[in-house]
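Under UniProt numbering, the first residue of the sequence shown carries the number 1, and numbering increases by one thereafter. One structure below.
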Amino acid sequence: MVAVDRGRYTCLVESAGEKSRRRKKDNAEGAAMSGRVVVAMKARELGRKGIVVGDRVALVGDVSGMADTLARVVRVEPRTSMLRRSADDTDDTDGIERPVVANADQLVIVTALADPPPRPRMIDRMLVAAFDADIDPMLCLTKSDLASPDELVSLYDPLGVPYVVVQKGGGLEEVRERLKGRVSVLVGHSGVGKSTLVNALVPDANRAVSHVNAVTGRGRHTSTSAVALELPEGGWIIDTPGVRSFGLAHVSVETVLAGFPDLVEGTVQCPKGCNHLSDECALDAWVAAGHADPTRLTSLRRLLASREGASDDDQS
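If you want it as C-alpha cells, here you go:
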C-alpha cells in the first residue's frame, strides 16, 4: 500500500517474477521492488479494519492498473510493525490509537536545528513511539547551516540514537546510505524541511514544501497524507504529514523501560506500580551504587515524563 486517500487505496502490485526475486533476497540487501500501480477500494467483508500505508494486502478484481479500473482489497497480511500515536492527550478521545504506517523498520525523526527551533519533547515522544513499535530510530538534523547540532546531539548521546546532519545544498550521501534497503518512515513537525529532504532523495516525488511563520515559528502542513516512495538506491521512504503533537496514551511504562536494559534490573526493588518518576523509585539508589550511568536514568525519566503528557511545545 503506497497511498490512502478518501477510501481509495493505491497499491504497487508485483509480478510473479518480481515476487520470486524478492523472496530470494536477504532482508539486509534491500526491500526495493517495482510493479504496476493499482487503485483499489476496501472489500465490505473487512469491516472497520484499518488499512494504512505500508500494509501488504491481497487484491481481487481488475488489477491491470488501467485507467478507471478499481480492484478490491480483501486481506491485510500480518504486520511486522505498526507505528502508532494516540489522539492528543488533551482531547476527550480517551487515548484513541491512530495508526501511522505499517511494516516500517526505521523511524527517521526529522528536526530542524533552527527556524523552527528543535522541540526535544516532541523528539522524546517519537522515540517512545519507536520503542513501542520495535523499530529503529534515527535523528535527521536539518538546517545545520543555521545552527550547530552539538547541543542536541549531546542530549541524545546517552540513548545511543544514531543521527545524520544535513544542510541546505549539502550532500546526502550519509542519509542515502542509512536509508538504503530499508523501509523508513519520516516524521517531523511542519517546517523542519522534511518535504525538501524527500524531494532531494526522490527527485520526482514533487512533495509540496512550506515556509515557517515568522510569528508562530511553525510551518504550515503541506503533506496531507502519508505516501510511500521507492528510493533509487533500493528501499522505501514513507513521508507523513507534519505533526504538532504525538500522543502516547497507548504506550505502557514497561514498553519505555524495555529500551533501557541496563536499568531494568534496578527496578526490582521499586514499589508496585512505580512510574519511576517519584521519590520512592529504587532506580536512584541503583544508579548511585554505580550500576548504570546517571545520564541514562535522566533520559529514561525524560521519556517517561513525555509519555505522561508533558507538552510537545516544551523546549526543555
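Just so you know, even glycine gets a beta-carbon here, dropped at the ideal spot from N, CA and C.
How many angstroms separate the CA atom of V227 from the CA atom of P162? 24 Å
On the three-state DSSP scale, how would you describe R72? strand
Are the Cβ atoms of V52 and A102 separated by less than 8 Å? yes
Quick one, which of V76, D115, A58 and S81 has its alpha-carbon nearest V192's? D115
Do you know how far the Cα of M138 is from the Cα of V108? 5 Å
Measure from the C-beta of P120 to each C-beta in chain C and report whether the shortest distance is under 8 Å. Here chain C cannot be found, since the structure has a single protein chain.
Below 8 Å between beta carbons: does that hold for L152 and P203? no
Beta carbon of Q106, beta carbon of S184: below 8 Å? yes
Any idea what DSSP makes of R182, helix, strand or coil? coil
Evaluate the contact criterion for the segment 249-268 versus the segment 126-136: three or more CB pairs, one atom per stretch, below 8 Å. yes
Just how far apart, CA to CA, sit E177 and G235? 10 Å
Between L303 and the rest of its own chain, which residues show a CB-CB distance below 6 Å, the 5 nearest in sequence each way excluded? D124, V128 and V256
For A147, which residues from the same chain have a beta carbon less than 7 Å from its beta carbon, with the 5 sequence-adjacent residues on both sides left out? L113 and A114
Measure the alpha-carbon distance for R8 versus L83 and round it to whole angstroms. 21 Å
Kindly list the residues whose CB is nearer than 6 Å to the CB of residue 320, restricted to its own chain and excluding five residues on each side of it in sequence; keep chain order. Outside the shown range of the chain (1 to 316) lies residue 320, about which nothing can therefore be said.
If you compare alpha carbons, which of A289, K143, V4 and H189 is closest to G170? K143
How many Å lie between K272 and V264 at the Cα? 14 Å
Where the beta strand (DSSP E) containing P99 begins and where it ends: E97 to A102
Is it right to say residue 317 is buried, meaning 16 or more other beta carbons lie within 10 angstroms of its own, or is it exposed? This structure cannot settle anything about residue 317, because the visible part of the chain is limited to 1 through 316.
Pick from A43, E174, T80 and T196 that is closest to T111, judged by C-alpha positions: T196
From which residue to which residue does the alpha helix (DSSP H) around R307 run? P294 to R307
N-terminal and C-terminal residue of the alpha helix (DSSP H) that L196 is part of: Residue identity differs from the one stated: residue 196 is Thr in this sequence, not Leu. That run of the alpha helix (DSSP H) goes K194 to L201.
Sort D68, R307, L141 and A40 by Cα distance to V251 and report the nearest one. R307
In this structure, does DSSP put V2 in helix, strand or coil? coil
Excluding sequence positions up to five away, which residues of its chain have a Cβ less than 8 Å from the Cβ of A104? G54, S81, L83, A133, I135, V183, S184, V185 and I238
Segment limits, alpha helix (DSSP H) that includes I123: P120 to A133
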